[in-house]
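J.:
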Amino acid sequence: MKKHGTKDAEEVIPTPDPEPMVEPEPKPEPKISRRIPAASLVVEYKDRGIVLNPNLIESQNVSEEGIEKLKELHLERLMLMDEMDHEKKSTRLHVMAEEYEHLEFRLQKAWGFPESRKYHRWWEVPKCTCPNMDNKDNYPCDYRIIAGNCPVHSIGKPKSKFRLFLQKIYSKFVK
Ligand SMILES: [Zn+2]
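Everything in the sequence shown is counted per this note's numbering, starting at 1 for the first residue and increasing by one.
#1: Is V95 helix, strand or coil by DSSP?
#2: Using a Cβ-based criterion (distance less than 7 Å to any ligand heavy atom), does I146 qualify as near ligand 1?
#3: Using 10 angstroms around the beta-carbon of V95, count the other beta-carbons present and answer buried if the total reaches 16, otherwise exposed.
#4: For the segment 47-118, which segments carrying the beta strand (DSSP E) assignment without a break, of at least 3 residues, lie completely within its bounds, in sequence order?
#5: Tell me which residues share the same chain as Y170 and place their Cβ nearer than 8 Å to its Cβ, disregarding the 5 neighbours each side in the sequence.
#6: Check whether the segment 96-109 and the segment 52-67 are in contact - that is, three or more C-beta pairs closer than 8 Å.
#7: Is it buried or exposed for Y100, if we count other Cβ within 10 angstroms and need 16 for buried?
#8: Helix, strand or coil for Y170 per DSSP?
#9: Which residues count as close to ligand 1 when the rule is a CB under 5 Å from any of its heavy atoms, in chain order?
#10: If we ignore side chains and look at the alpha-carbon of each, how far apart do Y119 and C141 end up?
#11: Could you tell me whether the segment 122-135 touches the segment 79-98, using the rule of 3 or more Cβ pairs below 8 Å?
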C-alpha cells in the first residue's frame with residue numbers, strides 16, 4: 001500500500017501533460033459570446049460603427065447565421081445613415097426615414113424580438129431636429145414628438161389640397 005502511494009506521488013511530477021487540450025471541458029451550454037471574438041461583432045462604415053451586444057446574442061440565442069444577418073442589416077443601416085448625411089432634399093429624407101424604419105423592423109426580427117414600432121430609435125437618424133430628449137424620455141413609446149422643422153420627419157405646413165391629403169395619409173404612420 002505504501003509502495004503504491006509512493007508510485008503515485010512519483011508519477012505526478014514526471015508526467016506534465018504535453019497537451020493541455022486533452023482535458024475535456026464538460027460545460028453544458030456553449031456560450032456564443034465566448035466562442036466569437038469581439039472583433040467579429042463589429043460593423044463599421046466610414047466614420048460610424050456599432051458592436052453587437054454579446055450578452056444579447058446569448059440571451060436571444062442568436063445563431064452564427066443570425067449574427068451574420070444582423071451584421072448585414074446594421075451595415076445597411078450605417079450606409080443609409082451616411083446617405084442621409086449627404087442628402088439635402090426633404091422629400092428624399094422622408095423616404096430614407098421610411099427605409100430606416102423598415103430596417104428597424106428587420107433588425108427586431110433578426111434579433112428574435114417582436115416587431116414593434118415603439119422600440120425604434122427613429123430620432124437618431126442624421127438631420128433629424130425632433131426633440132431628442134423628450135422622445136428618449138418617452139421611449140419605448142408609440143407616440144412621437146415631431147418638430148415642425150424636421151426635414152426628415154415633418155412634412156411641413158400643408159400648402160395645398162394635395163399636401164393636406166398627404167398629411168392625412170402620413171399621420172396614420174406618424175402620430
Ligand atoms: Zn425628426
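Positions of the beta carbon are idealized from the N, C-alpha and C atoms, including for glycine. Values in this document were obtained by computation on a predicted structure and should not be read as measured data.
T.: Taking the geometry as given:
#1: helix
#2: yes
#3: exposed
#4: 48-51
#5: I155
#6: no
#7: buried
#8: helix
#9: C128, C130, C150, V152, H153
#10: 7 Å
#11: yes
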